[in-house]
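Numbering (the numbering used here), first residue to last: 97 to 296. Think of the CB as a built atom: it goes at the ideal place given N, C-alpha and C, for glycine as much as any other residue.
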């Protein structure tokens, strides 16, 4: 409804369509999500979040070159933390250690700036330590801080489930995964976590 009610090329309409695309993506319809992201770019060719969303779909297909190209394009428009974080994932996956190190180093001042501006970045710290640096102890510390504030949040519980799984605590992982999957999302990260826990 928000997309239908909005004026083309307005920021609010683009954001509503982006949110709709993410919903399609999370419930297992990447091709429909891609249509939404491309519709945004037809009206706003330089909308960085739609470009980054397409990069995320390319990353899901393991098309690392295309994902990197699009993320760099998005970064040139706006230096958004999440774009650089995803680039770091690409460099890690493709064994580009120098690029990975440089990109991770760029993330710390961004996090510091956001924190000093009043944003709560505990979950982002948890994800960097867990997914990028493999330090599950530090990751757990930040994730639990966030859990105290938002115990029913799907993203928080997904991150905690992943951290506990990597620490070998499958019962805690399963507990948090149950909360994270209560909406039956088909988000790739959640599906992968379910499969990993089921195979243990």
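- Residues of its chain near residue 223, where Cβ-Cβ distance is below 8 Å and the 5 sequence neighbours each way are ignored: 181, 235, 255
- Task: Check whether the Cβ atoms of residue 151 and residue 163 lie closer than 8 Å to each other.
- Result: yes
- Item | Buried or exposed by the 16-neighbour rule on C-beta atoms within 10 Å, applied to residue 113 | buried
- Does the separation of the CB atoms of residue 186 and residue 221 fall below 8 Å? no
- Message: Tell me the rounded alpha-carbon separation between residue 275 and residue 248.
- Response: 7 Å
- Could you tell me how far apart the beta carbons of residue 232 and residue 262 are, in whole angstroms, since I believe they sit closer than 8 Å? 5 Å
- Task: Since I believe residue 133 is in contact with residue 117 (beta carbons under 8 Å), could you give me their beta-carbon distance rounded to a whole number of angstroms?
- Result: 5 Å
- Message: Going by beta-carbon coordinates alone, are residue 266 and residue 240 separated by less than 8 Å?
- Response: no
- Pull up the distance between the alpha-carbon of residue 228 and that of residue 154, whole angstroms please. 19 Å
- Using three-state DSSP, classify residue 174 as helix, strand or coil. coil
- Which first and last residues belong to the alpha helix (DSSP H) in which residue 298 is found? Here the chain covers residues 97 to 296 and nothing more, so residue 298 does not appear.
- Out of curiosity, what's the CA-to-CA distance linking residue 136 and residue 176? 18 Å
- Give the C-beta separation of residue 174 and residue 126 to the nearest angstrom, bearing in mind that I take them to be a contact with Cβ-Cβ under 8 Å. Contact doesn't hold; Cβ gap of about 24 Å is too wide.
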